[in-house]
Amino acid sequence: MTIDLKTIKHIAKLSRISVSEEKAKKLAGDLNSIFDFIEKLNELKTEKITPLTSIAETTLKLRHDEIKSKNIRQQIVKNSPEKNEDYFVVPKVIE
Amino acid sequence: MDQVSNNKLDYLISRKDNLYEIIIGLEVHAQVTSESKLFSSSATKFGAEPNTQVSLVDAAFPGMLPVINEFCIKQAIKTGIGLKAKINKRSIFDRKNYFYADLPQGYQISQFKDPIVGEGKVILDMPNGQKEVGIERLHLEQDAGKSIHDLDPQNTLVDLNRSGVALMEIVSKPDLRSPDEVSAYIKKLRSIMRYLGTCDGNMQEGSLRADVNVSVRIKGSKNLGTRCEIKNVNSIKFMQMAIEYEANRQVDLIEEGKSIDQETRLFDTKKNETRSMRSKEDAHDYRYFPDPDLLPLEVSEEFIDNIKKDIPELPDDKKRRFIDEFKLSPYEATILVSDIDTAKYFEEVVTKMGKNKDIKLAVNWITGELFAVLNSKNLEISQSPVSSKNFAILINLIKNGTISGKIAKTVFELMIEGDKDPQKIVEENGLKQQSDPKALEALIDKIINDNREKAVEYKQGKVKLFGFFVGQAMKASSGKANPQLINELLKKKL
Amino acid sequence: MSDITKQTLSDLIKNIKAKKLSSEEVTKDFIQRSEKSNKLNAYITEDFSNALQKAKMFDQKPNFNLKLPGIPIAVKDLFCTKDVMTTAGSKILNNFIPTYESTVTQNIWNEGGILLGKLNCDEFAMGSSNETSYFGNVQNPINENLVPGGSSGGSASAVCAQLTPITIGTDTGGSIRQPASFTGTVGLKPTYGSCSRYGIVAFASSLDQAGPMAQNVKDCALLQEIISTHDTKDSTSIDFKRSQYSQDLNKNIKGKKIGIPKEYRVDSMPKEIEDLWQKGIDYVKDCGAEIINISLPHTKYALPTYYIVAPAEASSNLARYDGVKYGFRAKGENLIDMYEKTRSEGFGAEVQRRIMIGTYVLSSGYYDAYYLKAQKVRKLIKNDFDEAYKKVDAILTPSTPSSAFKIGEKKDDPVSMYLNDIFTVPVNLAGLPGISIPAGHDSKGYPLGLQIIGKAFDEQNILNIAYAMEDKINFKNKISDWWIK
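Protein chains in written order, with this note's numbering: chain A, 2 to 96; chain B, 401 to 894; chain C, 7 to 491.
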């Protein structure tokens, strides 16, 4: 199987990573060699195997419905690249 | 819009020789009533200052991990039981991956393949009878934050207070066929959840919103048409308007020989139309996979049984009981059970009326006078200016003949101010009904005497004049005379 | 007291408790040695003045009941540290200052440890050579121009060069054990669920585990005893009875059954590794353990499985780095443009490659063929170990298929780089504990490690085996301090 440039660009779009033509070509080469090696799995018949969903063999622990986190707005917005005391700021979105 | 078939049973769109029916399925997003969020311990209160109810987990800081809220699980199961649905003892949380400004993790934790609740049903009371709507599933998921586009001309601002709040997504089967059914379905769903206390159903605050899937097909056809999803509609009225617009748009396309694109659309409430949502264009591939930060959720039979013990009487059961126990008509019962607070008020009144009660009278007064007052004052029944206790006293006063129905209206108006005791109002204002036969006899004798000619006419066969004498008697008693007694005496005397 | 930095952790603790050394003296010496280590590039962030301050404070009011009384420790820069920059080796987190502390590091500070600084690592722990770090590659103290391994390369380098008495790393596919093997140090990857993941920058959630790195088994056991706690802030943290690993350390492994998996004898394996493994087998026999040949038939599928599962989880885990809440943001014409520029300028090539792989294997139409398939094979790999552990108590393998390679040697060949993790990856896929201990040198004089794999939650057992072997092997690291000259 080969991953073509169109697929690379689609995957890049989904990943929100911009790719130039050159970068897409490089990625296609890399991904194809990696998938050649991944295809080894096709040797195995796995129809009847239950997939592993979690490696920790225990069940989900439940938390009580209590408010423990107080207003920490200052901490929350402190590291944001576009400074604003109340909000996170992003370029204008048009719906 | 072309005319809509007025066949009582069907909502159909007709174009030339074709009749189209609408196929509607709803994905309702109901905010779970809980103190804290689904995977973090921050508050869920509505209307807080921006970003003041946001934890490190909600804002997706590096290394932060989700820990699930037990109460939200209980609420989802409770709702599932209310929808007569299958509760899945093992369910799995998946990540739904997409980028958006108000989605800090870059994915939403949801349930995809293995939801917590499976198939169930909701019964609708339509004018032409009952209709069953299938529930496909109910799953738990996180809400996103809020993007604010109109505060800053250059930027979009993001408030994450809502980020991580627990939602139940309730997916219906494509069983709905008209805007009215959609309205009834939403109201019923809301009613059930309010009975259960699992969602407050407040649409203004966004606690209940829906994605509406609409397709059309020639009536009688077995194939489903291409559907469009109208995202995030937050009022029943808008849902109905959106469906009407969208269905007609699709019919027009078909009639013009064009194809319908399967797409996500937005309902523009200002222009009253749906339009394609460009921003969601290339976000179709959500790459769901089980969230490795969480384990499969397993609930025991005992866990579910304990929740079952907590389930109150639900609208359908209550309705049946009201009909059996109080001999109400199905119509009356439906009105009284539709909202939990109305049902509660009604039952309180019934209890407080004591032994010798007139339930029919109470029902008429609740759905008549009380509803009118609430409507005019824009109040919920839980905020009623007349308590159920005083309301019950009032009904009893009518029932035992202390006041007439007409006087009762006057009394009721006086009760509204400060929830006054009707007994006192009657005493203080001397509104007690005159039921002393001797006094009334004297009063009637005088009226007949004063209107001899009319009395003669009556006797000669002008029976219509009976009403005139009743009116005169009531007037002379300032409305306090017992009308039944007046009737009896007049018949005797005339 | 001279040569403070050459002392083992146990000796340092003993000397501090005996008041022969103060925390300040110890801290000062490690700082001085660290300050001379620029060529190694082991640190991303130094926190020396604060460390010294804390050491002085400790000395003023010493608490000798603590397990790490005033001991300075540098940690991998994947652990979030309150008020100290945390980058995960990435430009996208450059200047990110957490307001919170990871559970694992908090456990260390609670026992009296003092933060020296944050150690270099592969970007988001994705790499086997520490060459993917935005902050430059790390040198192996064993030899100039040699990679220290990865992704905990800075940690391995720092312990090997005695810039810190012990450290912690994280291991997703071998990121503790492989660099330990490359630098002649000891590294333990605990059972999945043993150490909390809270506050650790996530790479692949179902594989990531923090673990101790040290110069000897005993120090490693002590650190494991401190960092492994049940944590309700991590849903995958497991509540099991944890041993007092250092106190319960025991060289007597007589009668233990040690499995030798035939599938680990890979075609390309150098003779030196083969010989080292045999030497290891002889050592454990000498200790009275029994050798049993076993089979782990799906071993060859472990790497392909890993390179589906880990990138898939990573592609989603790294979606939060979007320039909105923290870290680097590139200017963009609109939201999408901002995302795309931020992520393509903020992430390095290897991280982007893995995000692409992960997005691809999860995307519509490929999920079943890749991700689901991998989860099924993962089950088979786990079953292999379950079967084996019916017959044996632990498994002995080489840690890596080669000794440390040259900087740049494999940089442009991702697949050959990935093959480095061939012996370590199955352990992560099965969620088991594994320890790498130095066992000898190759012909070039570079260290080689052996790996002991245990049953889940059986860290004590593999630590004991490692402890017994360490005694027999009597490994000495050959370090010339070349970076100081």
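Every residue, glycine too, gets a C-beta built ideally from N, C-alpha and C.
Item                                                                                                                                        : Value
The beta strand (DSSP E) enclosing TYR731 (chain B), as first and last residue numbers                                                      : No beta strand (DSSP E) contains TYR731 (chain B), which is instead part of the alpha helix (DSSP H) from 730-737.
Span of the beta strand (DSSP E) around SER510 (chain B)                                                                                    : 507-510
Proximal residues of chain B, C-beta to C-beta of THR238 (chain C) below 8 Å                                                                : VAL467
6 Å Cβ shell around GLU605 (chain B) - same chain, five flanking residues per side excluded                                                 : PHE446
Backbone secondary structure at ASP559 (chain B) - three-state DSSP                                                                         : strand
Contacts around LEU653 (chain B), its chain only, beta-carbon distance under 8 Å, and the 5 residues preceding and following it disregarded : SER659, ILE660
Close-in-space but distant-in-sequence residues of the same chain around PRO730 (chain B) (CB under 7 Å, 5 per side omitted)                : ILE723
Paired residues, beta bridge with GLY425 (chain B) - DSSP                                                                                   : B:ASN613
Residue burial classification, HIS539 (chain B) (beta-carbon count within 10 angstroms, cutoff 16)                                          : buried
From A:ARG64, A:THR3, A:ASN85, A:VAL90, residue whose alpha carbon lies closest to that of LEU438 (chain B)                                 : A:ARG64
GLU278 (chain C) versus PHE188 (chain C) - alpha carbon distance                                                                            : 14 Å
VAL870 (chain B) (DSSP reduced to helix, strand or coil)                                                                                    : helix
Sequence ranges, alpha helix (DSSP H) only - wholly within the stretch 804-849 of chain B, length at least 4                                : 805-816, 822-828
Other residues of its chain near SER583 (chain B): CB distance less than 7 Å, five sequence neighbours each side excluded                   : ILE636, GLN640
Short Cβ contact (9 Å threshold) for VAL81 (chain C) with LYS124 (chain C)                                                                  : yes
Of the residues C:ILE120, C:ILE79, C:ILE387, the one placed nearest GLY160 (chain C), counting alpha carbons only                           : C:ILE79
Residue interval of the beta strand (DSSP E) (run including HIS65 (chain A))                                                                : Here HIS65 (chain A) belongs to no beta strand (DSSP E), and DSSP marks it neither H nor E.
Cross-chain neighbours of ILE473 (chain B) in chain A, by beta carbon under 8 Å                                                             : LEU63
Contacts that GLN381 (chain C) makes with chain A (C-beta to C-beta distance below 8 Å)                                                     : PRO52, LEU53, THR54
CA nearest to the CA of ASP214 (chain C), picked from C:GLY354, C:ASP245, C:MET132                                                          : C:MET132
Contact check, ILE77 (chain C) vs PRO171 (chain C), beta carbons under 9 Å                                                                  : yes
Nearest neighbour of ILE441 (chain C), chosen from C:GLY451, C:PHE463, C:TYR452, C:ALA325 [CA to CA]                                        : C:PHE463
PRO515 (chain B) and TYR595 (chain B) closer than 9 Å at C-beta                                                                             : no
For ASP552 (chain B) and SER19 (chain A), the rounded distance between their alpha carbons                                                  : 27 Å
C-beta neighbour in chain B for GLY352 (chain C), strict 9 Å                                                                                : no
Residue-chain proximity (LEU341 (chain C), chain B), Cβ-Cβ < 9 Å                                                                            : yes
Cβ pair count under 8 Å reaching 3, the stretch 37-47 of chain C against the stretch 83-95 of chain C                                       : no
Residues near GLY425 (chain B) in its chain [Cβ-Cβ closer than 6 Å; skip 5 each side]                                                       : SER572, PRO574, ASN613
Exposed unless 16 or more other CB atoms sit within 10 angstroms - verdict on VAL633 (chain B)                                              : buried
Listed by chain order, chain C residues near ARG495 (chain B) by CB distance under 8 Å                                                      : SER322
Where ARG248 (chain C) falls: helix, strand or coil (DSSP)                                                                                  : coil
Unbroken beta strand (DSSP E) run spanning TYR49 (chain C), endpoints                                                                       : 49-52
Which listed residue (C:ILE244, C:VAL383, C:CYS226) has its alpha carbon closest to that of ASN470 (chain C)                                : C:CYS226
Extent of the continuous beta strand (DSSP E) run through ASP550 (chain B)                                                                  : No beta strand (DSSP E) holds ASP550 (chain B); DSSP gives it neither H nor E.
Contact belief for LEU697 (chain B) with ALA57 (chain A) at Cβ below 8 Å, rounded distance in angstroms                                     : That belief does not hold up - the Cβ atoms of LEU697 (chain B) and ALA57 (chain A) are roughly 14 Å apart, past 8 Å.
Near-chain C residues of the stretch 704-733 of chain B (beta-carbon distance less than 7 Å), N- to C-terminal order                        : none
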